[in-house]
Amino acid sequence: MPLKLMTSSNASTVQKELQQQLATLDMSICGSCMANANLQSVRESTTKTILQAAKVIFSFSSYVDGKLMARSSGFLIDWDEGSKEGTVLTSARIICSKYTALTQWSGTDEYVPDAEIIAHLLDEDETTVPAILFRYDKHINIAVLKVNLDLCAKIPRFSSDINYGQEILVLGRDERLNMTIAHGCVNFMGPTTYERHHYLFTGCEPSIGGMVIDFDGHVLGMANFPGTAYIPSSIVLKCLDMWKKFQCIPRLHIGMKLSPIKFLDPIHVERIFRKCNIDSGLIVKEVSHGSIAEELGVRPGDVVDSVNGECVATTVEVGILHMRKGRKGPRHTLSLRLNVSDDVEVFISGMHPFSYYEASSKMHMDLGLETDMIICFIYV
1 MPLKLMTSSN ASTVQKELQQ QLATLDMSIC GSCMANANLQ SVRESTTKTI LQAAKVIFSF
61 SSYVDGKLMA RSSGFLIDWD EGSKEGTVLT SARIICSKYT ALTQWSGTDE YVPDAEIIAH
121 LLDEDETTVP AILFRYDKHI NIAVLKVNLD LCAKIPRFSS DINYGQEILV LGRDERLNMT
181 IAHGCVNFMG PTTYERHHYL FTGCEPSIGG MVIDFDGHVL GMANFPGTAY IPSSIVLKCL
241 DMWKKFQCIP RLHIGMKLSP IKFLDPIHVE RIFRKCNIDS GLIVKEVSHG SIAEELGVRP
301 GDVVDSVNGE CVATTVEVGI LHMRKGRKGP RHTLSLRLNV SDDVEVFISG MHPFSYYEAS
361 SKMHMDLGLE TDMIICFIYV
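For what it's worth, the UniProt record's numbering labels the leading residue of the sequence shown as 1, then goes sequentially.
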């Protein structure tokens, strides 16, 4: 067979292709938000912060019967030097085989806790090792993995000092293990009726399971589904503490979707004050059909003014709270006996009569726990 000679043009093309395989000349890497003009004044210092945090941010993939099920970022929160075992925080989406995009309250998401989970390490060869699911919670959408690895990096500290409007960075990894970097701020807003109460929002698309940090490298939370939502570090630390103490995360199932008055436009807040003589608290957006709250007459539009005698203004500080609707009048105090469970809370939509009535409460608790909560409602 005749030999095919390589022209100088072909040789040059091959040389360029080989050069582009080098990490130093790879032009296929997408740029990040750090090229934005409004970050130029902090780019040098923030780049150092990002590169330090990147050493403990990993990529994970899960498989069922050899088929890819999900991908997620995750980051190291602890490491044992003796056993070389690292503890990684990530999203429970890593073991979720089916999820409902419309609402998180349906309870129809499906999880595969025995799925095979693979950790993609950051060495030159991009080694993969097994990751073991240690804990997970479907309601909070959080998971903890155990991974054996060598560590030569400092684990960043959590900070619960979060201010609305504060600039943040959301860090993660893509399918090629390259860093993803998004810039945003802590939005002055609460969750919609389709989202859980424990989320804050960044205004930028996150990497699921990724690290949310401030410009000094403090961990402010974990990026999570849906959209721009993230779980603040105060919730993350509380979950880790409860897992350590009780091996589960029991919570009150309140049967209400809530929205803080503080997140409304000032015009709306002023109108509520004129009509109802209140400018803080939690508005009841929906009441779950068949819940204790519904039996006791709580309706959409009512306002939760206080819980156990303490005034409330936001679901972020207090955790899971509530509010109500009805008629304008004096404050009423109700004693609610609520379900306590570590399972996901399911919300059932329904039509509610507008009359107030009292009913005897019935309850079933998965953990054999019960609690009374004194809540002051304002019927508006």
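The beta carbon of each residue, even a glycine, is placed where N, CA and C say it ideally should be.
Is it true that the CB of residue j sits closer than 7 angstroms to the CB of residue i?
{"i": "M211", "j": "L171", "result": "yes"}
{"i": "G74", "j": "P156", "result": "no"}
{"i": "N148", "j": "E85", "result": "yes"}
{"i": "residue 381", "j": "K257", "result": "Beyond the ends of the chain as shown, which are 1 and 380, falls residue 381; an answer cannot be given."}
{"i": "T128", "j": "I118", "result": "yes"}
Per DSSP, what kind of secondary structure is residue i in: helix, strand or coil?
{"i": "C276", "result": "helix"}
{"i": "A37", "result": "helix"}
{"i": "M222", "result": "strand"}
{"i": "K245", "result": "helix"}
{"i": "A92", "result": "helix"}
{"i": "F215", "result": "coil"}
{"i": "N148", "result": "strand"}
{"i": "A119", "result": "strand"}
{"i": "E85", "result": "strand"}
{"i": "F263", "result": "helix"}
{"i": "V14", "result": "helix"}
Excluding the 5 residues preceding and the 5 following residue i in the sequence, name in chain order all residues of the same chain whose CB lies nearer than 6 angstroms to its CB.
{"i": "C30", "result": "none"}
{"i": "S32", "result": "I181"}
{"i": "T46", "result": "F215"}
{"i": "A54", "result": "M179"}
{"i": "S288", "result": "G255, F347 and I348"}
{"i": "G221", "result": "V212, Y230, I231, P232 and S233"}
{"i": "V112", "result": "V64, I95 and S97"}
{"i": "G190", "result": "S259, P260 and F263"}
{"i": "I77", "result": "T87 and L89"}
{"i": "T13", "result": "none"}
{"i": "Y164", "result": "V186 and F188"}
Report, in whole angstroms, the separation of the C-beta atoms of residue i and residue j, which I expect to be a contact under 8 angstroms.
{"i": "S91", "j": "I142", "result": "7 angstroms"}
{"i": "S72", "j": "F158", "result": "Not a contact, Cβ separation roughly 19 angstroms."}
{"i": "H253", "j": "E345", "result": "5 angstroms"}
{"i": "K146", "j": "I168", "result": "Rounded, the Cβ-Cβ distance is 28 angstroms, inconsistent with contact."}
Can you grab the Cα-Cα spacing for the pair residue i / residue j, in whole Å?
{"i": "T100", "j": "E81", "result": "40 angstroms"}
{"i": "R299", "j": "T49", "result": "48 angstroms"}
{"i": "L121", "j": "E295", "result": "53 angstroms"}
{"i": "E124", "j": "C152", "result": "15 angstroms"}
{"i": "F188", "j": "S62", "result": "35 angstroms"}
{"i": "W243", "j": "D343", "result": "14 angstroms"}
{"i": "residue 385", "j": "P130", "result": "The requested residue 385 does not occur in the structure, where the chain is confined to residues 1 to 380."}
{"i": "V43", "j": "M34", "result": "The amino acid occupying residue 43 in the given sequence is Arg; Val does not appear at that position. Each residue's Cα considered, the two are about 6 angstroms apart."}
{"i": "Q166", "j": "L51", "result": "21 angstroms"}
{"i": "S59", "j": "R93", "result": "13 angstroms"}
{"i": "R196", "j": "V219", "result": "21 angstroms"}
{"i": "D161", "j": "K154", "result": "21 angstroms"}
{"i": "L321", "j": "V307", "result": "No answer about L321 holds up, because its pLDDT of 30 lies below 50 and its placement is not dependable."}
{"i": "V304", "j": "I278", "result": "11 angstroms"}
{"i": "M69", "j": "H268", "result": "45 angstroms"}
{"i": "A115", "j": "D265", "result": "45 angstroms"}
Enumerate in chain order the residues of its own chain whose CB-to-CB distance from residue i is below 7 angstroms, with the five nearest sequence positions on each side excluded.
{"i": "G290", "result": "I348"}
{"i": "G368", "result": "Model confidence at G368 stands at a pLDDT of 37, short of 50, so the residue's coordinates are unreliable and nothing is read from them."}
{"i": "C239", "result": "D137, I140, I142 and I249"}
Does the beta carbon of residue i fall short of 6 angstroms from some heavy atom of the ligand GDP?
{"i": "S12", "result": "With respect to the ligand GDP, the structure offers nothing, as it holds no ligand at all."}
Kindly list the residues whose CB is nearer than 8 angstroms to the CB of residue i, restricted to its own chain and excluding five residues on each side of it in sequence; keep chain order.
{"i": "T228", "result": "G184, N187, F201, T202, G203, C204, E205 and P206"}
{"i": "S106", "result": "T100, V346 and F347"}
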